[in-house]
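>
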Amino acid sequence: MSDDYDSSFEGDSFRPPGCRAKGLKIPSHKDPLLRTRSGPSHGSGLPSRADMNDLSCQSLGQILRYHQSSLTAYDRHKILVNQYLLYHPGATTQLQRDSSRDVRDMDVVRAHHQFLWEAGDDTSSWQKALAKKYFDKLFKEYCICDLSRYKENKVGLRWRTQQEVEEGKGQFRCGEKRCGADTQLTSWEMNFVYTERGVKKNALVKLRLCNLCSPRLNHCKQRKQAKKRKRLKEPSQFSGETGTVEADDTKRRKTDMADTGPADTIAADTADTATAEESHWKKPLVLPDDRSRDEQFEEYLDDLLL
Numbered sequence: 001m002s003d004d005y006d007s008s009f010e011g012d013s014f015r016p017p018g019c020r021a022k023g024l025k026i027p028s029h030k031d032p033l034l035r036t037r038s039g040p041s042h043g044s045g046l047p048s049r050a051d052m053n054d055l056s057c058q059s060l061g062q063i064l065r066y067h068q069s070s071l072t073a074y075d076r077h078k079i080l081v082n083q084y085l086l087y088h089p090g091a092t093t094q095l096q097r098d099s100s101r102d103v104r105d106m107d108v109v110r111a112h113h114q115f116l117w118e119a120g121d122d123t124s125s126w127q128k129a130l131a132k133k134y135f136d137k138l139f140k141e142y143c144i145c146d147l148s149r150y151k152e153n154k155v156g157l158r159w160r161t162q163q164e165v166e167e168g169k170g171q172f173r174c175g176e177k178r179c180g181a182d183t184q185l186t187s188w189e190m191n192f193v194y195t196e197r198g199v200k201k202n203a204l205v206k207l208r209l210c211n212l213c214s215p216r217l218n219h220c221k222q223r224k225q226a227k228k229r230k231r232l233k234e235p236s237q238f239s240g241e242t243g244t245v246e247a248d249d250t251k252r253r254k255t256d257m258a259d260t261g262p263a264d265t266i267a268a269d270t271a272d273t274a275t276a277e278e279s280h281w282k283k284p285l286v287l288p289d290d291r292s293r294d295e296q297f298e299e300y301l302d303d304l305l306l
């Protein structure tokens, strides 16, 4: 019955193999608690503090292994991480990766952005190709301006994004980035002179500003107010040729009528009249408008985008 009450933590690690099965005792020279000390005596033959620490660590390790053997790998991982954070505070800073060189797509666009791209600009690298692709997505009819430094005669300009176009920013609302006025807007033309990568450039841009922001734009220099330009109607290229063809048809018809008799003339006139009446009802209704559809559409866009 004594074998049923055997304990797993009573010092099995110090017994030689086969000791328990044969009923042998543990040799005193192998048990650190019973080992005789050769150094100077500090008491009545008690074991040293180092031996006690080693035995306590071994017994604690056996207990931990026993409890962790019933846990899953993830639970053991959480226990070890919690113990590491508890007994080693501040050590996790060494595990953080260096994020100083991390670059986002928007950072690449800002680094390689150009106010205007030309056909001969180099886009061989993927960074420049990405910046060029972003530039193609912008709307370049009106600009958004920054007038915070207007007293120094410095104005910041950029093109509009799709969200700003849908909201009407810069066209139906004031183009100053901090202003949201939508009444009494004025269109201005400005020769924007800027320096880009050490090269001085200029571009003619349009702005829509309210009555409060317009004086700021013209604080140091009077800008030119944009006006609606009238489109000149182009003369028809085939007007002269059409008149010549019609005159030739008239002469040919008169010659044919002179050659034929009166009966043939009356029959031909009757047939032409019937054909003209039938074709008149088959044709769609034509409104009396001298302008073509393209000219009307372009005039509508000019009024809308001015």
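Note that the UniProt record's numbering gives residue 298 to position 298 of the sequence shown, counting from 1, and the numbers run on in steps of one.
Backbone N, C-alpha and C fix where the C-beta goes; we use that ideal spot for every residue, glycine too.
From a predicted model like this one, the values you see are computed outputs, not experimental measurements.
(1) Assign E118 to one of three DSSP states: helix, strand, or coil.
(2) From the DSSP output, in three-state form, read off L130 for me.
(3) Quick one: Cα of A131 to Cα of G168, how far?
(4) Could you check the C-alpha separation between C174 and L217 for me, to the nearest Å?
(5) Kindly indicate which three-state DSSP category S70 falls into: helix, strand or coil?
(6) Buried or exposed, going by whether 16 or more other CB atoms sit within 10 Å of the CB of R110?
(7) Would you report the Cα separation of L116 and M106, rounded to the nearest angstrom?
(8) Do you know offhand how far V155's Cα is from C213's?
(9) So which of C179, P89, S124 and C143 has the shortest CA-CA distance to M190?
(10) Decide if C57 is buried, meaning its Cβ has at least 16 other Cβ atoms within 10 Å, or exposed.
(11) So what's D51 in DSSP terms, helix, strand or just coil?
(12) Report buried or exposed for H112, applying the criterion of at least 16 other Cβ atoms within 10 angstroms of its Cβ.
(13) Please say whether F139 and R158 have beta carbons closer to each other than 8 Å?
(14) Throw me the rounded Cβ distance for the C145 and E176 pair, which I believe falls under 8 Å.
(15) With a threshold of 8 Å on Cβ separation, who are the neighbours of G240 within its own chain once the five nearest residues in sequence on each side are excluded?
(16) Thinking C-alpha only, which one of P215, E166, Q127 and R65 is nearest Y150?
(17) Could you tell me the distance, in whole angstroms, from the CA atom of L147 to the CA atom of K137?
(18) Just reading off the beta strand (DSSP E) that L209 is part of, what are its end residues?
(19) Mapping the DSSP letters down to three states, classify Q225 as helix, strand or coil.
(20) If I measure Cβ to Cβ from N153 and keep anything under 8 Å in the same chain, skipping five residues before and after, which residues do I get?
(21) With DSSP run on the structure shown, which of helix, strand or coil describes I266?
(22) Please return the same chain residues whose Cβ sits closer than 8 Å to the Cβ of K200, not counting the five positions on each side in sequence.
(23) Pick helix, strand or coil for V103, following the three-state DSSP scheme.
(24) Using 8 Å as the threshold, is the C-beta distance between L207 and W188 below it?
(25) Quick one: what does DSSP say K140 is sitting in, helix, strand or coil?
(26) What does R158 pair with, by DSSP beta-bridge criteria?
(27) Just to confirm the assignment, what range does the alpha helix (DSSP H) spanning S214 have?
(28) For F192, name the three-state secondary structure that DSSP assigns.
So, to answer that:
(1) coil
(2) Correct three-state label for L130: helix.
(3) When the Cα atoms are used, A131 and G168 turn out to be separated by approximately 25 Å.
(4) Going from the Cα of C174 to the Cα of L217 covers about 12 Å.
(5) coil
(6) With fewer than 16 other beta carbons inside 10 angstroms of its own, R110 counts as exposed.
(7) In a straight line, the C-alpha of L116 is about 18 Å away from that of M106.
(8) Cα to Cα, the separation comes out at about 12 Å.
(9) C143
(10) In the assembly as shown, C57 is an exposed residue. Its beta-carbon has fewer than 16 other beta-carbons within 10 Å.
(11) helix
(12) By the 16-neighbour rule on beta-carbons within 10 angstroms, H112 is buried.
(13) no
(14) Right, their Cβ atoms sit about 6 Å apart.
(15) In this prediction, G240 scores a pLDDT of 49, lower than 50, which makes its location untrustworthy; the coordinate-derived value is nonetheless stated afterwards. Hits under 8 Å: none found.
(16) P215
(17) So the two alpha carbons sit approximately 25 Å from each other.
(18) V199 to L209
(19) strand
(20) H219, C220 and K221
(21) Below a pLDDT of 50, predicted positions are generally treated as unreliable, and I266, at 47, falls in that range; no measurement from the model is reported.
(22) V193 and Y194
(23) coil
(24) A Cβ-Cβ contact shorter than 8 Å links L207 with W188.
(25) DSSP places K140 in strand when its eight states are reduced to three.
(26) I144
(27) The continuous alpha helix (DSSP H) containing S214 extends over residues S214 to L217.
(28) strand
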